[in-house]
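Under the numbering used here, the residue at position 54 of the sequence shown is numbered 186, and the numbers go up by one with no gaps.
Every residue, glycine too, gets a C-beta built ideally from N, C-alpha and C.
Treat the numbers as computed from the prediction; the structure is a model and nothing was measured.
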Amino acid sequence: MTTASWDEYIDDLIARSNLGCGNSHIDKACIISIENGERWNTDSHSKALKLSQAEATNIAKCFASKNFSQFIESGVVAEGCKYVFLKEDDKKIVYTIKKGHGRLTLGSSKTAIVIAHSLSEDEHLGILGRADQAVLTITRHMESLNV
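Right, dumping it as structure tokens:
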């Protein structure tokens, strides 16, 4: 797939988090390789979450090894902002938060990691919010395509 095709996945992800009144829970997102953190979507996308290569590589390393101890100890850094690790589910999805900056939901398929940022901080552990559900739906779809 070309990077432009992955941009369509970002559009779909954001649309899936829509509240029905034109507002989406997800305000920006990206897709990276689980192997090395390489970006799959373009940074020119208006809703791209722009990770540095070091940030993307670190995230990919944790998901590839299914070892989230670094996230637990040091948080998850995205766009220079450190988010506090909340929990992980099935070694495939990670939830984080930073007061005043929102939340990150990170989900993995076989070959990729979908990362979504939401300004909403009112989604509580144990209750999947729209952003979380959108990430789960996209990663499951990617897995069904063996991606």
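Indicate the three-state DSSP secondary structure (helix, strand or coil) for D159 in the structure shown. strand
Coil, strand or helix - N168 by DSSP: coil
Proximal residues to Y215 (C-beta, below 8 Å), its chain only, five neighbours per side dropped: G207, V208, V209, T228, I229, K230, H233, R235, L236
According to DSSP, is I229 part of a helix, a strand, or is it coil? strand
So what's L183 in DSSP terms, helix, strand or just coil? coil
Cutoff 6 Å; reference S250; Cβ partners in own chain excluding five residues on either side: H157, I158, G234, R235, A263
When burial is assigned at 16 or more other CB atoms within 10 Å of the CB, is R272 buried or exposed? exposed
Just to confirm the assignment, what range does the beta strand (DSSP E) spanning L251 have? No beta strand (DSSP E) contains L251, which DSSP labels as neither H nor E.
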